[in-house]
Amino acid sequence: MLDIRLSNAAKRFQYDWIFRDLDLHINPTDKIAITGSNGSGKSTFLKCLAGINPFTEGKAEYTLQQQHISDNEIYRHLAISAPYMELPEEFSLIELLHFHFNFKKPYQGMPLVEMIKAMYLEDAKDKQVSYFSSGMKQRLKLGLCFFAETPLLLLDEPTSNLDQRGSNWYRALVQSYGQDRTILVASNDPKEYEFCSKHLSIEDYKVKKAR
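As numbered in this note's numbering, residues 2 to 212 make up the sequence shown, in order.
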């Protein structure tokens with residue numbers, strides 16, 4: 002089980018503080034919504050937590066089974082789905098799954114054929130990803146995230162490019178594959194994080210500018 006503690010965490014781009022003095026304890030299997038207006042720093046916070054962009058100030062402590070995990074190693078223990086995540090579009094679906102799961106273990110040993118079926122992409126198994134619709138690509142991103150054996154899932158705008166049926170599929174995905182894992186959802190759409198029992202508003206950690 003993964004335990005995360007943030008102490009006085011902060012992120013700055015040049016002279017602008019995105020957030021500051023953020024303290025947070027993330028317990029194993031917590032479901033947390035990261036909320037805030039567009040451009041408030043929700044995505045930045047997830048990137049910092051994932052080690053993609055390090056925090057400017059403060060401390061992030063990751064503990065897995067009582068073992069300390071460094072900032073540089075946390076990526077091994079998480080999966081992320083986000084609009085800025087690029088898919089290698091020259092691969093076919095089956096090639097991409099083989100490639101991805103060379104680096105991540107499949108969730109509970111799930112076979113690739115089951116993943117394809119769960120994503121409703123059976124007819125696209127040998128299709129190049131560049132020919133996928135935006136909805137198919139979003140289902141693939143979410144599948145790569147949920148079907149990886151990691152204790153932490155980071156979801157940024159998880160239903161973008163999904164229709165109502167796709168949004169329902171996302172909620173079923175959370176129910177089936179997310180119960181025993183920690184999930185953080187960056188969103189300002191309540192339907193995307195209705196399963197979250199905790200909320201963190203990035204707006205609460207903005208530096209108040211003097212007038």
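Just so you know, even glycine gets a beta-carbon here, dropped at the ideal spot from N, CA and C.
How far does the beta strand (DSSP E) with residue i in it reach, from first residue to last?
i: Ala34; result: 32-36
i: Ile95; result: Careful: Ile95 lies outside any beta strand (DSSP E), inside the alpha helix (DSSP H) at 94-101.
i: Phe147; result: Where Phe147 is concerned, there is no enclosing beta strand (DSSP E), although the alpha helix (DSSP H) it sits in stretches over 135-147.
i: Tyr63; result: 58-65
i: Ala51; result: Run containing Ala51: none; DSSP gives neither H nor E here.
i: Leu154; result: 153-157
i: Ile183; result: Reading off the sequence, residue 183 comes out as Thr, not Ile. Thr183 -> beta strand (DSSP E) spans 183-187.
Tell me whether residue i sits in a helix, a strand or coil according to DSSP, three-state version.
i: Phe20; result: strand
i: Ile75; result: helix
i: Arg212; result: Note on Arg212: pLDDT 42, under 50, position unreliable in the model; the coordinate value appears next. In this structure, Arg212 counts as coil in the three-state DSSP scheme.
i: Ala83; result: coil
i: Gln266; result: Outside the shown range of the chain (2 to 212) lies residue 266, about which nothing can therefore be said.
i: Gln1; result: The chain is shown only over 2 to 212; residue 1 falls outside these bounds and no answer can be derived.
i: Lys199; result: strand
i: Asn169; result: helix
i: Asp4; result: strand
i: Leu174; result: helix
From the beta carbon of residue i, is the nearest beta carbon of chain B less than 8 Å away?
i: Lys138; result: Looking at the structure shown, chain B is missing, and only one protein chain is on hand.
Contact defined as beta carbons within less than 8 Å: I believe residue i pairs with residue j. What is the distance between those atoms, to the nearest angstrom?
i: Cys146; j: Ser82; result: 4 Å
i: Thr183; j: Ile27; result: 6 Å
Between the region 136-150 and the region 19-33, are three or more C-beta pairs nearer than 8 Å?
Counting Cβ pairs under 8 Å, fewer than three are found: no touch.
Hey, which unbroken runs of the beta strand (DSSP E) at 3 residues or more fall wholly within the region 101-130?
Within the region 101-130, no beta strand (DSSP E) run of at least 3 residues lies entirely inside it.
Would you check if there are 3 or more beta carbon pairs closer than 8 Å linking the region 98-116 to the region 54-72?
Not touching, per the Cβ criterion.
Segment contact, 8 Å Cβ cut-off, at least three pairs: the region 2-9 with the region 119-126
At 8 Å Cβ cutoff, the stretches do not touch.
Do the region 187-203 and the region 43-52 touch if we need at least three Cβ pairs shorter than 8 Å?
A contact between stretches requires three or more CB pairs, one per stretch, nearer than 8 Å, and the region 187-203 meets this requirement with the region 43-52.
Per the contact definition of three or more C-beta pairs closer than 8 Å, is the region 49-65 in contact with the region 100-110?
Counting C-beta pairs with one atom in each stretch, the region 100-110 and the region 49-65 have fewer than three that are closer than 8 Å, which means they do not touch.
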